[in-house]
Amino acid sequence: MSTSIQMTEPTTTTTASTTTYNNNFTQSVKISEGQRGGFIEILATVGSIVLMILTFPISVFICFKVVQEYERAVIFRMGRLRSGGARGPGVFFVLPCVDNYCKVDLRTVSFDVPPQEVLTKDSVTVSVDAVVYYRINDPLKAVVQVANYSHSTRLLAATTLRNVLGTRNLSELLIERENISHTMSQILDHSTDPWGVKVERVEIKDVSLPTQLQRAMATEAEAAREARAKVIAAEGEMKASRALKEAADTISESPAALQLRYLQTLNSISSEKNSTIIFPLPIDLISPLLSMAKKS
């Protein structure tokens with residue numbers, strides 16, 4: 001008895017979890033399969049079952065459908081959404097001439113948002129394009145709540161791109177791309193949630209500026225660089241003058257140091273180039289000779 005209970009418990013748990021999943025999956029979508037149908041619907045359903053039995057060997061290929069691991073099938077019977085949620089992955093059963101189903105791909109899909117002419121907050125016209133990554137989170141909503149979820153998501157992405165960029169300055173648009181992409185992703189995800197679409201990521205690809213604006217920005221940047229270069233050169237000259245002043249003060253303390261500096265400069269010039277050099281001779285070098293000549 002205990003062995004029988006242990007073997008049946010996992011099956012019961014699996015069935016309960018599957019039922020709970022299906023209930024949660026379809027609780028936001030109205031299911032009309034259980035409603036009472038008309039005489040024509042009942043007659044069509046009975047006729048479909050009879051037709052399937054009469055053409056049994058051939059009807060197997062029509063009644064049994066297969067969806068891949070990344071797909072789900074939403075089934076309608078006489079225009080009414082069937083209960084149990086989306087079917088798949090694997091094999092599912094449909095009645096010929098009565099049931100109709102739609103396949104929904106659950107993989108992540110990406111698309112390019114066409115370049116949008118946007119007027120920024122500081123009245124600058126730029127052209128911006130982006131990439132959006134999304135996937136189907138609820139197949140029932142994607143089929144029932146919106147006519148074409150892919151086309152609707154593309155239009156909403158283009159509109160959201162213009163609205164978000166219209167509240168930013170040009171400098172923010174060029175620097176804070178990651179924050180703008182995150183804001184767009186949140187807005188799109190919130191707007192497409194009733195359609196069963198989950199927006200995973202939004203990336204801004206390129207920001208195209210007008211040619212005149214590019215030239216103006218390049219001129220401004222060049223002028224700023226020249227101004228910084230002049231400031232740096234002036235600071236260098238100031239530091240060099242201070243160093244020369246300190247060197248002059250040091251040399252002035254010893255007359256022999258000045259003479260040695262003259263001789264060192266002459267040696268450096270003569271070793272680099274073989275040419276005639278006119279070098280001024282300091283009076284301090286010949287003053288001892290002149291004093292000796294006067295004594296004699």
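Those letters in the sequence shown? Residues 1 to 296, per the UniProt record's numbering, in order.
Just so you know, even glycine gets a beta-carbon here, dropped at the ideal spot from N, CA and C.
No experiment lies behind these values; they were computed from the predicted model shown.
According to DSSP, is residue i helix, strand or coil?
i           : result
residue 200 : strand
residue 82  : coil
residue 249 : helix
residue 90  : strand
residue 106 : coil
residue 70  : coil
residue 77  : strand
residue 260 : helix
residue 178 : helix
residue 295 : helix
residue 300 : Because the chain is modelled from 1 through 296, residue 300 falls outside the range shown and cannot be assessed.
residue 65  : strand
residue 146 : coil
residue 268 : helix
In whole angstroms, what is the alpha-carbon distance linking residue i and residue j?
i           : j           : result
residue 302 : residue 224 : For the chain, the structure presents residues 1 to 296; residue 302 sits outside this window and is missing.
residue 145 : residue 94  : 23 Å
residue 164 : residue 65  : 44 Å
residue 172 : residue 204 : 13 Å
residue 194 : residue 188 : 11 Å
residue 199 : residue 155 : 14 Å
residue 132 : residue 115 : 13 Å
residue 88  : residue 148 : 21 Å
residue 124 : residue 78  : 55 Å
residue 45  : residue 61  : 19 Å
residue 153 : residue 181 : 16 Å
residue 63  : residue 96  : 6 Å
residue 250 : residue 238 : 19 Å
residue 266 : residue 175 : 57 Å
residue 105 : residue 134 : 11 Å
residue 184 : residue 158 : 10 Å
residue 86  : residue 167 : 41 Å
residue 39  : residue 192 : 39 Å
residue 151 : residue 42  : 36 Å
residue 57  : residue 107 : 35 Å
residue 227 : residue 246 : 29 Å
Can the beta-carbon of residue i be found closer than 7 Å to that of residue j?
i           : j           : result
residue 69  : residue 103 : no
residue 48  : residue 113 : no
residue 169 : residue 121 : yes
residue 162 : residue 118 : yes
residue 139 : residue 74  : yes
residue 244 : residue 126 : no
residue 109 : residue 207 : no
Below 8 Å on the Cβ atoms is my guess for residue i versus residue j; work out the distance and round it to an integer in Å.
i           : j           : result
residue 137 : residue 84  : 18 Å between Cβ atoms; not a contact.
residue 130 : residue 231 : Not really, about 40 Å apart at Cβ, beyond 8 Å.
Could you pull out every residue in the same chain whose Cβ sits closer than 6 Å to the Cβ of residue i, ignoring the five residues on either side in sequence?
i           : result
residue 233 : none
residue 76  : 100
Whose C-beta lies closer than 8 Å to the C-beta of residue i among residues of the same chain, with five residues either side of it excluded?
i           : result
residue 213 : 124
Shorter than 6 Å, the distance from the beta carbon of residue i to the closest heavy atom of the ligand NAP, or not?
i           : result
residue 264 : This structure lacks the ligand NAP; in fact it carries no ligand of any kind.
With a CB to CB cut of under 7 Å and the five nearest residues on each side skipped, what residues in its chain are close to residue i?
i           : result
residue 143 : 74, 102 and 104
residue 52  : 59, 63, 95 and 96
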